[in-house]
Ligand code: NAD
């Protein structure tokens, strides 16, 4: 079946009305073969502002619905995702080019965060705090924050939105979502499923989810609007630099999930078979288009020749092809611009003395309009500038080191700070890497690669990665406002710090 008709039948079975995806100004192309798969309407400024107004009205009602009932809505949505996992996963594959396993994995991640958020809806705990004054009690309450604006990237078109939206809803917030202009169809599918989840639940007001399809200007409208209480944006560091100052100008709150430049250190005692498998998934998986993709490898000089030879052998065997083909491990890049960025990075690495292995164009029959590349492994003499930048493509730069101190210093010597790994059987080395003087990233792993995080932990990174945290642990606090409350039941009025003040 042609991709356009497959897309159309998937969207219909997910409940999206035909006129929503075949008649708009925003053209959507599949990276699989470069062909048109839909046309979505782009909201204008007035429509975007109206969407924010509807979401704000929804928030005013939703904030008073008991949190466990809010969790019930998320539970219903999770069940619909379970029912439609294959269709939505296939649509993710068609729109992003990620392989079937990863398309399905993305929907599973949504289901997992629904379960997490549903449980959380009964656990939005505050503290009680000892007061210094007699007859007083202090406590913290967590209240809904307001409208959460979510701007998302193409590479996790629905899971990252779900990390935000599921927490926002159980926290009593409403959501305005500006998906990537490259992946609006999966957003329409999520909205259709969410509308079904809301049906039959009287407490769920219209406007809990508003989807604003469009480009950068729409993201800027959300950033500027003071009705957006929490502005959560996922994408490149450049996007963060453009939008964070706009939110700051109105003193708004941000959750920023920006680019990564993730590394792994491989120590002499590492289990090389395990390390090789972990590196393969982390560096080549999702065609190098994960924020947590492994991009830099520091290998101890005593094992570098052996490991790099094993990796080159693996790189040669990676099946590159259509992501709909079940034997494929590496699908296409998102578009030809990404291919050009990969070529430019490899040329720069070569000019800096890098030895490039792989990276060539792969012709895939029937997918001539797609941009397919063999993952590249580049041995670099040093951590040159090109290594310090994130190129959103499957390039792994390998460097040798002689001492762990040197490896950790090089590891941290990049602007980004998202995910990191060490491969070692030596407990002291692992602990040093995880310590305050070790990896400076938001995610630090031992004997697994930097990509493929579970939803139970807080996800995010430091430095140019933006400092935001989403998903598990106590990331929910970013979607609520904290009220510190003091209750005086003493009948007297003692002031804090022993201050006497009275006529
Ligand atoms: P992108 O920055 O091009 O776009 C992301 C979103 O931001 C889109 O919705 C886009 O419309 C908007 N946007 C981009 N530039 C903007 C600007 N100047 N003004 C206003 N809006 C703007 O990113 P992408 O190519 O879709 O995704 C890849 C990037 O996202 C990589 O850098 C990757 O590391 C990062 N990413 C980070 C995380 C994370 O959790 N840290 C997760 C996924 C992707």
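Numbering (the UniProt record's numbering), first residue to last: 1 to 503.
We put the beta carbon where it would ideally sit given N, CA and C, even for glycine.
Please classify residue i as buried or exposed, where buried requires at least 16 other C-beta atoms within 10 Å of its C-beta.
i, result
"residue 178", "buried"
"residue 456", "exposed"
"residue 239", "buried"
"residue 427", "exposed"
"residue 487", "exposed"
"residue 305", "exposed"
"residue 396", "buried"
"residue 373", "buried"
"residue 273", "exposed"
"residue 45", "exposed"
"residue 355", "exposed"
"residue 425", "exposed"
"residue 562", "Since the first residue shown for the chain is 1 and the last is 503, residue 562 is missing from the structure and cannot be characterised."
"residue 219", "buried"
"residue 125", "exposed"
"residue 503", "exposed"
"residue 14", "buried"
"residue 89", "buried"
"residue 493", "exposed"
"residue 51", "buried"
"residue 103", "buried"
"residue 129", "exposed"
"residue 106", "buried"
"residue 591", "The requested residue 591 does not occur in the structure, where the chain is confined to residues 1 to 503."
Return the chain-ordered list of same chain residues with a C-beta closer than 6 angstroms to the C-beta of residue i, the five sequence neighbours on each side being excluded.
i, result
"residue 443", "419"
"residue 160", "152 and 234"
"residue 162", "110 and 113"
"residue 55", "147, 174, 176, 207 and 210"
"residue 69", "203"
"residue 133", "494"
"residue 353", "381"
Which of the three DSSP states is assigned to residue i in this structure?
i, result
"residue 229", "strand"
"residue 202", "coil"
"residue 477", "helix"
"residue 400", "strand"
"residue 210", "strand"
"residue 583", "The displayed coordinates of the chain run from 1 to 503. Any statement about residue 583 would go beyond what the structure contains."
"residue 128", "strand"
"residue 470", "strand"
"residue 395", "strand"
"residue 458", "strand"
"residue 160", "helix"
"residue 320", "strand"
"residue 184", "helix"
"residue 74", "helix"
"residue 281", "helix"
"residue 436", "coil"
"residue 271", "coil"
"residue 66", "coil"
"residue 424", "coil"
"residue 328", "coil"
"residue 98", "coil"
"residue 216", "helix"
"residue 310", "helix"
"residue 123", "coil"
"residue 387", "helix"
"residue 344", "helix"
Identify every residue that forms a DSSP beta bridge with residue i.
i, result
"residue 294", "262"
"residue 22", "39"
"residue 485", "139"
"residue 144", "480"
"residue 300", "401"
"residue 441", "In DSSP, residue 441 forms no bridge with anything."
"residue 358", "376"
"residue 371", "333"
"residue 106", "Answer by DSSP bridge pairing: none, since residue 106 is not bridged."
"residue 419", "443"
"residue 463", "416"
"residue 453", "According to DSSP, residue 453 bridges with nothing at all."
"residue 149", "176 and 231"
"residue 29", "36"
Once you ignore the five residues that flank residue i on each side, which residues in its own chain have a CB closer than 8 angstroms to its CB?
i, result
"residue 485", "138, 139, 140 and 141"
"residue 453", "292, 419, 443, 459 and 471"
Considering only residues of the same chain and omitting the five flanking positions on each side of residue i, which have a CB-CB separation below 7 angstroms?
i, result
"residue 3", "30, 32, 33, 35, 37 and 94"
"residue 387", "296, 380 and 397"
"residue 82", "111"
"residue 49", "none"
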